Every structure is written in structure tokens, then in C-alpha cells.
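Engineer:
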Amino acid sequence: MIFNEPKNKSGKPMLGVQVSYFANNRAASRWFLNGEGAPLTKISSLLGYTSVSQFKLAISQHGLALLMMKGLDKLRLSNNG
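In this text, residue positions in the sequence shown follow the UniProt record's numbering: the first is 1, and each later residue adds one.
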């Protein structure tokens, strides 16, 4: 599952962020940020969560796809404002 930011008119990503999740990989290498392996702490803080446990709880409550969309929306708003 790969989540890309929308692109502007010139074709560049608005934030330059690509978050990828591969469920079939081993637990230590499931998350990627811009094509490179990223620890869960970095992904959770990027999406606006204060702890990894809070991030995992949100995944179990709301599902991964909804969580990623809301998190990337928060990131976009913080960069535009």
C-alpha cells in the first residue's frame, strides 16, 4: 500500500512525501518513507502522533487507509499554514 501526495501542475509532489506500507515484509521493514526503510517512530511522528502505541491504537480502531489519509491531510495543512 503506497500513499503519494497529490502533485502540483508541474508534476512534483506537493510535500515530497511518499509513505509506503508493505504488510508482507517482516515487522522491522514494513514502513518506508520516500523509498527508504523508516522506523515506526518516524512514521508516527510524521503523521502527528506523539507515540507509537497511540499510532498502533489508531490503526486498530480506524484502519490503515483512513489513518494514512487523515495523517497526510494534517501534514499538508501544517505545511500550508
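C-beta atoms are modelled at their ideal positions from N, C-alpha and C, and glycine is treated no differently. Computed from a predicted model, the values in this text were never measured in an experiment.
Apart from the five residues just before and just after Gln54, which ones in its own chain have a Cβ nearer than 8 Å to its Cβ?
Structural biologist: Numbered from its first residue, the sequence shown carries residue 54 at position 54. Excluding residues within five positions, the ones whose Cβ falls inside 8 Å are Ser44.
Engineer: Gly63 to Thr41, Cα distance in whole Å?
Structural biologist: Counting from 1 along the sequence shown, the entry for residue 63 is found at position 63. Counting from 1 along the sequence shown, the entry for residue 41 is found at position 41. Roughly 18 Å separates the two Cα atoms.
Engineer: Give the straight-line distance between the Cα atoms of Arg30 and Leu67, rounded to the nearest whole angstrom.
Structural biologist: Mapped onto the sequence shown, residue 30 falls at position 30. Mapped onto the sequence shown, residue 67 falls at position 67. In a straight line, the C-alpha of Arg30 is about 16 Å away from that of Leu67.
Engineer: Measuring alpha carbon to alpha carbon, tell me which residue in Ser60, Ser10, Pro39, Leu47 is nearest Arg26.
Structural biologist: For this step, residue 26 is matched to residue 26 along the sequence shown. Ranked by Cα distance from Arg26, the first of Ser60, Ser10, Pro39, Leu47 is Pro39.
Engineer: Pull up the DSSP beta-bridge partners for Ser29, would you.
Structural biologist: As a working mapping, residue 29 is identified with position 29 in the sequence shown. Partner(s): none; Ser29 has no beta bridge.
Engineer: Who are the Cβ neighbours of Ile59 in its own chain at under 6 Å, not counting the five residues just before and after it?
Structural biologist: Working through the sequence shown from its first residue, we reach residue 59 at position 59. Cβ within range, chain order: Leu67.
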